[in-house]
Amino acid sequence: MVATRVRRSPRRDRYRAVVTDLVRAQAPVVMGVLNVTPDSFSDGGRYADLDAAVAHGVRLRAAGAQLVDVGGESTRPGADRVDARTEVDRVVPVVRELTAAGVPVSIDTIRARVAEAALAAGADVVNDVSGGLADPDMARVVRDAGCPWVLMHWRGHSRGMRELASYTDVVADVRAELGQRVDEALRAGVAADRIIVDPGLGFAKTAAHNWELSARLPELLDLGFPLLFGASRKSYLGRLLADAHGEPRPTDGRESATIATSLLAVAAGAWGVRVHDVRGTVDALAVWRATGSPRLAAASRRPGRPLGPRPDRPDGNRPDRDRPDGKRPDGKRTGGGRAGSGRPMSDRIELTGLRAHGRHGVYDFERAQGQDFVVDAVLELDLAPAARSDEVADTVHYGELAERLVAVVTGEPVNLIETLADRLLTVCLADARVTAATVTVHKPEAPVPHTFTDVAVTIDPGPGPMTRAVLSLGSNLGDRLGHLRSAVDALGEAVLLVSGVYETPPWGDADQPAYLNAVLLAEDPAVTARDWLDRARAAERAAGRTRDPQRRFGPRTLDVDVIAVWGDDGEPVVSDDPELTLPHPRAHLRAFVLRPWIDIQPYGRLPGHGWLTDLLNAEPIAGDALELSPRPDLAIESTV
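The opening residue of the sequence shown carries number 2 in our numbering; numbering runs sequentially from there.
Written as structure tokens, this is what we have:
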């Protein structure tokens, strides 16, 4: 047997922060609706003008929307389509202006061409109501960009959708059809951690279908992907609230019902809600959180929430761990233990010998004839809930896992089985309950001109979840840009994302030169908060800096501050150490930290303080945001 062990290295991609801070968010995400069309069912024509659209998008963000969903083609029942050029002309200027103003944007379109143009203008998410069915090129655009993709359940265009509202069991049918869309996306090479699903209320569905989907939302959550719920102002709510003469409630009178359905969806486990009234929804969610974020009983069996930073705990504490270093007795790191048990995870599901015919390989005859591949998958997760409930919803459905793995093997050909194994691993890690996974791909019929038994590749994503840190960089002496670059070089492969460069006036001594500032996001396994501080100090020393404890605001060749650290359990690290106070006690007051940080994490939060964009707009801010000068002519490019 020939075995090659491959470890994933951190991916440096534009949308990593979006995935970490939005798609994997624990708190419910609120998506604000911005229709720049003349004929949308609720607000058609109100925001068709560029200035009006941008102003409304800014208002939605200020009201608490984590995403503003910009759409340039009405999808109301019976609506006529517009051509692609018209749609691009409507949405791209709005997307460009909003993103320039710091407003995170998703593009609501079913056209690949429009999505590509909007992503180029700064959009972060593609919200495709057709789930990829309307334009077969959409999967390529999303895959190549690497952005999150909302796949909605859809059966046809608006003009004919009413005739398609026929189901044996609407929940089971929608679940199955959404699963097919997910499989197609995975087969096309879209990463599983970039996929969001949406049941598509009102799209080829009657009022009864909408209510049934709402009542049985946990069954859709079993797909294992974040779920977006969009009931805002829809006609079935208007009919529910009809007056004594049977006249449906007008759209502007459906907000309370929208808030109620949105809140129930969140309580049932929905990842996010798409609404017109952002302020009312945000207020309702604040009440929900204040009461302990109660869940509906029917939602108690839903899969675990996605991995990633968890909401700030009011007491700032981290959950108990079996050992301070987060290791098992055998030295292997763990992503956590059973809830409340204080011991590490050791349960696993093993699916071995899964055989499927694929056309992967570097030779033409391998692509033409194909051959059998054999997959072994090992998933680590907590199986205690399933053991107690005897419900398949509380574990990974290995039959469905097998179907998804086979869909990748039989799907788009790749040259290397290393690439195939990596895509299969992504499928295994898509379920948020899975804390670790290993995938081995066997190629027993490989074109090797010698006698052999097997060729296999094993993908192991490493020793467990990564710890992450945000560090700020500043320099106002000597080769300022060179010093910032030296800090990035010193951190090496741990660096994931680096912000743009900003020039700022000195803070403190008035006779100092101006500073260059930037922020970076780093990630590394088995690194403590103290380790990040040691790395920061080492980078400063290498740049020739000697710290003077008596002069807090003096000029310096290089200043590297540890702003925030998240442990391998996803919790923000809290420290009162005089040498390392975490989160940084003054970061929320520093525009020269917040503004660059937003560059790399537009949905980021400073633990204990809130959303970065809210902090940047708050008073007082040290180093007024208006005095920050972007330096697009300067870029920090690592030389290692």
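Built from N, CA and C at the ideal position, the CB exists for glycine as well. The structure displayed is predicted, hence computed values, not measured ones.
Is residue i helix, strand or coil by DSSP?
i	result
Gly371	coil
Pro597	helix
Arg25	coil
Gly400	helix
Glu220	helix
His246	coil
Val143	helix
Val393	helix
Leu229	strand
Trp289	helix
Ile418	helix
Val428	helix
Pro631	strand
Arg329	Low confidence applies here, because Arg329 scores a pLDDT of 30, under 50, leaving its location unreliable and the question unanswered by this model.
Ala378	strand
Gly341	The predicted model places Gly341 with a pLDDT of 28, which falls under 50 and marks its position as unreliable; any figure quoted below should be read in that light. In this structure, Gly341 counts as coil in the three-state DSSP scheme.
Gly281	helix
Thr252	helix
Ala588	helix
Arg17	helix
Leu297	coil
Arg405	helix
Leu607	strand
Ala166	coil
Ala192	coil
Pro307	For Pro307, the predicted model reports a pLDDT of 31, less than 50, meaning its position is unreliable; a value from the coordinates is still stated below. Reduced to three states, the DSSP call for Pro307 is coil.
Ala385	helix
Arg322	Unreliable positioning characterises Arg322 in this predicted model, as indicated by a pLDDT of 29, which lies under 50. The coordinate reading is nonetheless provided below. Arg322 falls in the coil class under three-state DSSP.
Span of the alpha helix (DSSP H) holding residue i?
i	result
Ser263	Glu256 to Ala268
His210	Ala208 to Ala216
Val59	Leu51 to Ala64
Asp659	Any question about residue 659 goes unanswered here, given that the chain covers just 2 to 641.
Thr614	Leu613 to Leu617
Gly239	Ser236 to Leu241
Is residue i near residue j, with beta carbons less than 8 Å apart?
i	j	result
Pro608	Ala565	yes
Trp150	Arg195	yes
Val55	Val95	yes
Ser233	Val276	yes
Ala91	Thr38	One detail in the question is off: residue 91 reads as Arg in this sequence, not Ala. Yes, they are a contact pair.
Ala135	Ile108	no
Leu51	Leu35	no
Ile260	Val24	no
Ala438	Leu421	no
His361	Val415	yes
Leu222	Pro200	no
Ala243	Pro249	yes
Trp272	Leu228	yes
Gly33	Val274	no
Leu297	Ala268	yes
If I'm right that residue i touches residue j with Cβ under 8 Å, what's the distance once you round it to whole angstroms?
i	j	result
Leu497	Glu524	5 Å
Leu522	Val471	6 Å
Ala140	Ala189	4 Å
Leu352	Ala378	5 Å
Leu559	Ala408	Actually they are not in contact, since the Cβ atoms of Leu559 and Ala408 sit about 50 Å apart, beyond 8 Å.
Arg144	Val71	In fact, because the Cβ distance is near 22 Å, the residues do not count as touching under 8 Å.
Leu152	Leu179	7 Å
Val106	Val142	Actually they are not in contact, since the Cβ atoms of Val106 and Val142 sit about 16 Å apart, beyond 8 Å.
Thr468	Gly568	6 Å
Arg474	Val563	At residue 474 the sequence reads Leu, which differs from the Arg that was named. The pair is not a contact, with the Cβ atoms about 11 Å apart (cut-off 8 Å).
Leu635	Val502	4 Å
Asn518	Phe593	4 Å
Leu382	Asp348	6 Å
So the beta strand (DSSP E) residue i belongs to, where does it begin and stop?
i	result
Asn36	Val30 to Asn36
Gly157	Taken as a continuous stretch (DSSP letters only), Gly157 belongs to no beta strand (DSSP E), as it is neither H nor E.
Ile196	Ile196 to Asp199
Glu413	From DSSP, Glu413 is part of no beta strand (DSSP E); its letter is neither H nor E.
Val69	Leu68 to Gly72
Arg275	Gly273 to Val276
Gly350	First, the residue type needs correcting, since residue 350 is Ile and not Gly in the sequence shown. Arg349 to Gly359 is the extent of the beta strand (DSSP E) around Ile350.
* To do: Could I get the ranges of all uninterrupted alpha helix (DSSP H) runs contained in the segment 522-583, with 4 residues as the minimum, in chain order?
  => 530-543
* To do: At 4 residues or longer, and completely inside the segment 80-134: list those alpha helix (DSSP H) runs for me, N to C.
  => 85-101 and 113-121
* Asked: Which runs of the alpha helix (DSSP H) spanning at least 4 residues fall entirely within the segment 439-526, listed in chain order?
  -> 481-492
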